[in-house]
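Single-structure report; data block below.
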């Protein structure tokens with residue numbers, strides 16, 4: 014029985030590490046794509062002569078510059094749309110297990126904490142349950158932390174688009190519509206969402222920990238009351 018329990022914990026930790034490792038790299042990949050979009054927007058007008066924007070529309074130089082700017086904006090828009098689609102796909106795949114995590118992690122960690130507390134009362138630190146508790150916390154914290162990074166970086170795309178100086182240079186008139194579309198699209202948060210699930214962010218992790226503390230405090234009081242009643246009935250202690 015003990016061996017089977019240890020194997021179950023080991024299997025859980027292995028699956029937990031693999032699951033978090035995969036999700037970590039997927040979200041980090043999206044984060045760096047958004048970072049590349051920011052860098053592209055910051056350099057959108059680099060190495061282009063502003064005076065070209067004042068030339069006639071059919072001028073060869075203006076047409077060439079228009080193609081360059083359109084190509085740069087096309088790359089930005091393509092990457093930006095790909096991030097939204099990819100996050101939507103990840104939400105459809107990882108949404109159900111994440112929803113399960115958000116609903117039950119606080120209860121699971123609470124029971125683990127109670128088990129550790131009871132063992133500590135006897136002067137024993139249960140290493141297995143401690144590892145299990147840490148793994149459960151990390152399994153919830155890492156996606157929430159990366160979700161917050163992803164959300165902030167996505168909003169940063171809008172800031173980079175505005176700070177590109179498109180409204181301060183004549184070249185901005187050549188791609189004004191594209192810039193405005195990117196600005197509007199960047200206001201949409203990039204988060205993992207699923208029906209019945211909060212957005213996976215640090216606020217979600219804080220909510221889980223808050224619920225965990227409430228459950229733990231309630232069960233701890235019940236355990237202390239039962240322990241006190243047992244000591245009184247056994248004659249070891251009198252109130």
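In my numbering, the protein residues as written are 14 to 252. Virtual Cβ for every residue (Gly too), placed ideally from N, Cα, C. Since we're looking at a predicted model, the values are computed, not measured.
Across the set 165, 59, 82, 203, the C-alpha of 203 shows the shortest separation from the C-alpha of residue 98. Contact check between the stretch 79-95 and the stretch 118-127: fewer than three CB pairs, one atom from each, fall below 8 Å, which does not count as touching. For the pair of segments examined, the stretch 52-60 was found to touch the stretch 169-178: the number of CB pairs separated by less than 8 Å reaches three.
Look at residue 207 here: in three-state DSSP terms it is strand. Note on geometry: alpha-carbon atoms of residue 205 and residue 111 lie some 9 Å from one another. The continuous stretches of alpha helix (DSSP H) do not include residue 60, and DSSP gives it neither H nor E. With respect to the 7 Å criterion, residue 167 and residue 149 are not classified as neighbours on the basis of their beta carbons.
Taking every protein chain shown into account, the CB of residue 84 has fewer than 16 other CB atoms within 10 angstroms, so this residue is exposed.
Excluding five sequence positions before and after residue 218, the CB atoms of its chain that fall closer than 8 Å to its own CB belong to 153, 154, 157, 158, given in chain order.
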